[in-house]
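Asks: The structure is given below, and queries will be raised subsequently.
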Amino acid sequence: MLPKISSRFSPNLHDYILLAYLVLFIISVLGLLCQIIFGEPNLQLAYLLFALFIFFSSLVIFAIIYLFYSILERIHNKCNTGIERQCKLDMLLGLSGSCLAGIVPRYMAFYFENVPRHPFGSAYFAFISLFTILLLHYLFVFPAKIHISTKANRIISWLLALINLLVLICTTHLAIGYDTPKIYGVLACEIGFSLICASCVIELVRVMRGRVEMKKEAEESENLNTSKDVNTPEEWVPKVVIVTKPAAEPSVVPM
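Spelled out as structure tokens, the structure:
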């Protein structure tokens, strides 16, 4: 059964980057549909076959990843794996798989630009990689982020971002040697997937270094501290103690 994503966790920069890629994926799908319906008549069949190939490839990828997800869930249940360890393992698998899925189109863009028989090769891997990244985050990363949160180290994060930027500069420098029509496909894959690769690497290093904490324990301790500091409405009203004097005994008048 597919996991239910809750909105209990506060999103960070990585989540907003992934949201931007989700919007990009939706726009790309809508653009492909517009090419099939309103495009040039001599290319409509090619775009239709391309869309069908992407659709069936996505079904195969979904079946493989979901089968792996189901097997992993059964292993967790049989071994009685703790929540924190299970979430860390899921995040490691989801982030590493997303990073690899982002590297594949960046590499294949150079390969397919040298092969003129495959004009849709780079676009195919871009679609499939976007779908794989979103699926891995939905199955592994987001359910884990409901229970745990990663602590950032700014020095390591900036260092990893700088390394990814240097890799991007080197790959774009290699693409300058291509012809004008071919360079756009390479640059689109390199620049388009470099951000998600860098973000996944930074998140992956955070989890690998063990800088995670259980959100439930943090929330309970925070609620406990706030309950000690904040008075309840009953405590705001001062207690009034009413002291009553006993009634005086009637005096007996001697006859």
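Residue numbering for the sequence shown follows the numbering used here, beginning at 32 and increasing consecutively.
All C-beta atoms in this analysis are idealised placements derived from N, C-alpha and C, irrespective of residue type, glycine included.
In the DSSP assignment, find the unbroken beta strand (DSSP E) run with Val243 in it and report its ends.
Replies: Within the sequence shown, residue 243 is the residue found at index 212, counting from 1. Where Val243 is concerned, the enclosing beta strand (DSSP E) stretches over 243–245.
Asks: Which residue comes first and which comes last in the alpha helix (DSSP H) that contains Ser180?
Replies: Position 149 of the sequence shown, counted from the first residue, corresponds to residue 180. No alpha helix (DSSP H) holds Ser180; the beta strand (DSSP E) holding it covers 179–181.
Asks: Which residues mark the beginning and the end of the alpha helix (DSSP H) in which Ser41 is found?
Replies: Counted from its first residue, the sequence shown places residue 41 at position 10. Where Ser41 is concerned, there is no enclosing alpha helix (DSSP H), given that its DSSP letter is neither H nor E.
Asks: May I ask you to report which of helix, strand or coil DSSP gives Asn108?
Replies: Position 77 of the sequence shown, counted from the first residue, corresponds to residue 108. In this structure, Asn108 counts as helix in the three-state DSSP scheme.
Asks: When DSSP labels each residue in this structure, what does Arg240 get in the three-state scheme?
Replies: Walking along the sequence shown from the start, residue 240 turns up at place 209. Three-state DSSP puts Arg240 in coil, outside helix and strand.
Asks: Go to Pro174, then tell me how far its alpha helix (DSSP H) extends in each direction, as first and last residue.
Replies: Translated into positions along the sequence shown, residue 174 becomes position 143. Per DSSP, Pro174 belongs to the alpha helix (DSSP H) from 173–176.
Asks: Throw me the rounded Cβ distance for the Ala140 and Ser129 pair, which I believe falls under 8 Å.
Replies: Looking up residue 140 in the sequence shown gives position 109. Looking up residue 129 in the sequence shown gives position 98. Wrong, their Cβ atoms sit about 18 Å apart, outside the cutoff.
Asks: Could you give the C-beta distance for Pro34 and Pro136, rounded to a whole number, given that I count them as a contact under 8 Å?
Replies: To locate residue 34, count along the sequence shown from 1; it is residue 3. To locate residue 136, count along the sequence shown from 1; it is residue 105. Contact doesn't hold; Cβ gap of about 26 Å is too wide.
Asks: Three-state secondary structure (DSSP) at Glu71?
Replies: The count along the sequence shown starts at 1 and reaches residue 71 at position 40. Three-state result, Glu71: coil.
Asks: Pick from Ile102, Ile214, Leu218, Ile194: whose alpha carbon is nearest that of Ser230?
Replies: Here residue 230 refers to the residue found at position 199 of the sequence shown. Cα-wise, what sits closest to Ser230 is Ile194.
Asks: Among Ile187, Lys182, Leu191, Glu71, whose alpha-carbon lies nearest the alpha-carbon of Ser41?
Replies: To locate residue 41, count along the sequence shown from 1; it is residue 10. Among Ile187, Lys182, Leu191, Glu71, the Cα nearest to that of Ser41 is on Lys182.
Asks: How many whole angstroms separate the CB atoms of Leu235 and Leu126, which I take to be in contact at a CB cut-off of 8 Å?
Replies: Locating residue 235 in the sequence shown gives position 204, counting from the first residue. Locating residue 126 in the sequence shown gives position 95, counting from the first residue. Confirmed, Cβ separation roughly 4 Å.
Asks: Please state whether DSSP places Ile207 in a helix, a strand or coil.
Replies: Translated into the one-based positions of the sequence shown, residue 207 becomes position 176. Reduced to three states, the DSSP call for Ile207 is coil.
Asks: Express the C-alpha separation of Val232 and Ile187 in angstroms, rounding to a whole number.
Replies: For this step, residue 187 is matched to residue 156 along the sequence shown. For this step, residue 232 is matched to residue 201 along the sequence shown. Answer to the nearest angstrom: the Cα atoms are 11 Å apart.
Asks: Between the C-alpha atoms of Leu131 and Cys228, what's the straight-line distance to the nearest angstrom?
Replies: Locating residue 131 in the sequence shown gives position 100, where the first residue counts as 1. Locating residue 228 in the sequence shown gives position 197, where the first residue counts as 1. Rounded to the nearest whole angstrom, the CA to CA distance from Leu131 to Cys228 is 8 Å.
Asks: Distance, Cα to Cα, Leu80 vs Ala94?
Replies: Within the sequence shown, residue 80 is the residue found at index 49, counting from 1. Within the sequence shown, residue 94 is the residue found at index 63, counting from 1. Taking the straight line from one Cα to the other gives about 21 Å.
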